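J.: Structure below; questions to follow.
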Amino acid sequence: CTELSRHDEL
Amino acid sequence: MNIFRFAGDMTHLCSIIVLLLKIQATKSCAGLSLRTQELYAIVFVSRYLDLFFTFISMYNVIMKLIFISSSFCIIWYMRCHRIVAQTYDREQDTFRVAFLVVPCFMLSLMINHEFSFTEVLWTFSIYLEAVAILPQLVLLQRTFNIDTLTSNYIFLLGAYRALYMLNWIYRYFTERDYSQWIVWTSGTLQTATYCDFFYYYILSWRKNERLSLPS
Numbered sequence: 063c064t065e066l067s068r069h070d071e072l
Numbered sequence: 036m037n038i039f040r041f042a043g044d045m046t047h048l049c050s051i052i053v054l055l056l057k058i059q060a061t062k063s064c065a066g067l068s069l070r071t072q073e074l075y076a077i078v079f080v081s082r083y084l085d086l087f088f089t090f091i092s093m094y095n096v097i098m099k100l101i102f103i104s105s106s107f108c109i110i111w112y113m114r115c116h117r118i119v120a121q122t123y124d125r126e127q128d129t130f131r132v133a134f135l136v137v138p139c140f141m142l143s144l145m146i147n148h149e150f151s152f153t154e155v156l157w158t159f160s161i162y163l164e165a166v167a168i169l170p171q172l173v174l175l176q177r178t179f180n181i182d183t184l185t186s187n188y189i190f191l192l193g194a195y196r197a198l199y200m201l202n203w204i205y206r207y208f209t210e211r212d213y214s215q216w217i218v219w220t221s222g223t224l225q226t227a228t229y230c231d232f233f234y235y236y237i238l239s240w241r242k243n244e245r246l247s248l249p250s
């Protein structure tokens, strides 16, 4: 998965 | 952002607020594990260090700041508040957090997406969150004290877990390239430790119910 989608959850 | 994810964030936030309000209203934190609360603070700080490096959305920034400050607020009450701090079960809350922190850190060094400072810390926070409730579980098993742990708090915490899992399932089927094994595995373990906690909460609740009934 992309860098962003992994870190957009809290 | 899907509805499960948003509802999950909101119930997570509400669970913390409910806990804080309960402490404020009763001026007591009896039955609450400071060690679990400190672990949550470590989890939030190490995960949200990316506030300084990456911007995702305003929603993310605000929620992260609220999570960090509210968890420190609970710790402040339990450690420093003149009245609340006296109700803390210091002698019973003796779980060695190093037994959780050190293995989680080692694991995050070994199993991660990318060997970088923020990524390892992020992974560490995911692993640590999965087991952070254990000191609270042990305290509950010892004391059967549910004074500060209201059923609202337990319900909201459980709803947060359930909704986040629904969010992952939803995202897996609706987004291309969405899969994250580290989060899924630790998230499932976290839900399992929560269920264990829930079981002891019910047990303690029934025990207290029996004690308060006239014989």
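Chains as they are written, first to last, in our numbering: chain A, 63 to 72; chain B, 36 to 250. We put the beta carbon where it would ideally sit given N, CA and C, even for glycine. Nothing here was measured: the structure is a model prediction, and the numbers come from that model.
#1: Determine whether the Cβ of A/Arg68 lies closer than 7 Å to any Cβ atom of chain B.
#2: In chain order, what residues of the same chain have a beta carbon less than 7 Å from the beta carbon of B/Gln99, not counting five sequence neighbours either side?
#3: Could you tell me whether the Cβ of B/Met98 comes closer than 7 Å to any Cβ of chain A?
#4: Terminal residues of the continuous alpha helix (DSSP H) containing A/Glu71?
#5: Ordered along the chain, which non-local residues of its own chain (more than five positions away) have a Cβ less than 6 Å from that of B/Val173?
#6: Leaving out the 5 sequence neighbours to the left and right, which residues in its chain are closer than 7 Å to B/Arg40 when beta-carbon positions are compared?
#7: Taking only runs of the alpha helix (DSSP H) that begin and end inside the segment 155 to 242 of chain B, which ones reach a length of at least 4 residues, in chain order?
#8: Going by C-alpha to C-alpha distance, which of B/Val96, B/Glu154, B/Phe107, B/Phe88 sits closest to B/Leu54?
#9: Which same chain residues end up closer than 8 Å to B/Gly66 when comparing Cβ atoms and leaving out the 5 residues on each side of it in sequence?
#10: Are B/Lys62 and B/Ile110 close, meaning C-beta to C-beta below 7 Å?
#11: Any contact between the segment 145 to 157 of chain B and the segment 43 to 52 of chain B? By contact I mean 3 or more CB pairs, one from each, below 8 Å.
#12: Can you have a look at B/Asp212 and say buried or exposed, based on whether 16 or more other CB atoms are within 10 angstroms of its CB?
#13: Do you know how far the Cα of B/Val132 is from the Cα of A/His69?
#14: Got a sec, what are the start and stop residues for the alpha helix (DSSP H) B/Leu100 sits in?
#15: Would DSSP call B/Leu48 helix, strand or coil?
#16: Using 7 Å as the threshold, is the C-beta distance between B/Tyr162 and B/Arg196 below it?
#17: Is it the case that the Cβ atoms of B/Ala194 and B/Val78 are separated by a distance below 7 Å?
#18: Run the proximity test for B/Gln72: is its beta-carbon closer than 6 Å to any non-hydrogen atom belonging to the ligand FAD?
#19: Any C-beta of chain A sitting closer than 7 Å to the C-beta of B/Ile251?
#20: Does B/Glu210 pass the burial test, meaning 16 or more other C-beta atoms within 10 Å, or should it be called exposed?
#21: For B/Arg206, count the other beta carbons within 10 Å of its own beta carbon; 16 or more makes it buried, fewer makes it exposed. Which is it?
#22: Cβ of B/Ile91 less than 7 Å from any chain A Cβ?
#23: By the three-class DSSP mapping on this structure, what secondary structure does B/Ala65 have?
#24: Just confirm the distance between the C-beta atoms of B/Leu135 and B/Leu74, as a whole number of angstroms; I'd bet it's less than 8 Å.
T.: Put simply:
#1: yes
#2: As written in the sequence, residue 99 of chain B is Lys, which differs from the Gln given in the question. These residues qualify, in order along the chain: Tyr83, Leu86.
#3: yes
#4: Run containing A/Glu71: none; DSSP gives neither H nor E here.
#5: Phe130
#6: Asn202
#7: 169 to 178, 186 to 209
#8: B/Phe107
#9: Asp124, Leu174, Leu175, Thr178, Asn180, Ile181, Asp182, Thr183, Leu184
#10: no
#11: no
#12: exposed
#13: The alpha-carbon of A/His69 is positioned some 26 Å away from that of B/Val132.
#14: 93 to 115
#15: If DSSP states are grouped into helix, strand and coil, B/Leu48 belongs with the helices.
#16: no
#17: Note that the C-beta distance between B/Ala194 and B/Val78 is not below 7 Å.
#18: The ligand FAD is absent from the structure shown, which contains no ligands of any kind.
#19: Nothing can be reported for residue 251 of chain B, as the shown portion of chain B is limited to 36 through 250.
#20: exposed
#21: buried
#22: yes
#23: coil
#24: 7 Å
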